[in-house]
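A short worksheet on the structure shown next.
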Amino acid sequence: MIINLTDENFEKEISNSEKPVLVDFWMPGCAPCFLLSAILEKLANDYGEKIIFSKVNLEIAPLVAQKHDISLTPTVILFKEGKPISGFVGTRPEDEIRKWLEEVLKENEK
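Once you know that position 30 of the sequence shown is 30 in full-length UniProt numbering, the rest is easy, because the numbers rise by one and skip nothing.
As structure tokens, this is what we get:
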């Protein structure tokens, strides 16, 4: 499952989560965003026990975009305890994203 975040609920959801939160920053009309979204939907099913997957539509949440200096889409940032720990810009193959997630999760285990 992927949750939608907005200017109103972003900070609360990111800060209060016991799990890392992956945020997909996207915009309507962005073809690479839709390609990445399909990959993240699949990964959300596989990693749902370890990570909360979320999306931010930058047209609806401009304050979040500004605060996190998001100027290109898609941008993916993984947050832990409310702080960004890793991320990437653009779309990537599924296997590359899986490898990235595994590495980041391993590096940031408590």
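Even glycine gets a Cβ: it sits at the ideal position worked out from N, Cα and C.
- Burial is judged here by how many other beta carbons sit within 10 angstroms of a residue's own beta carbon; I51 has at least 16 and is buried.
- DSSP places L78 in the strand class (E or B) of the three-state scheme.
- Comparing alpha carbon positions, the residue from Q66, K80, L58, A65 closest to M27 is L58.
- Judged by DSSP in its simplified three-state form, L72 adopts coil rather than helix or strand.
- Excluding the 5 residues flanking it on each side, K80 has same chain C-beta neighbours closer than 6 Å at P20, N108, in chain order.
- Residue E18 holds the alpha-carbon nearest to the alpha-carbon of G48 among A31, E18, V89.
- S86 is bridged by DSSP to L78.
- Your pair P84 and D24 does not check out as a contact, with CB atoms roughly 13 Å apart and the cut at 8 Å.
- The beta carbons of L40 and I2 sit closer together than 8 Å.
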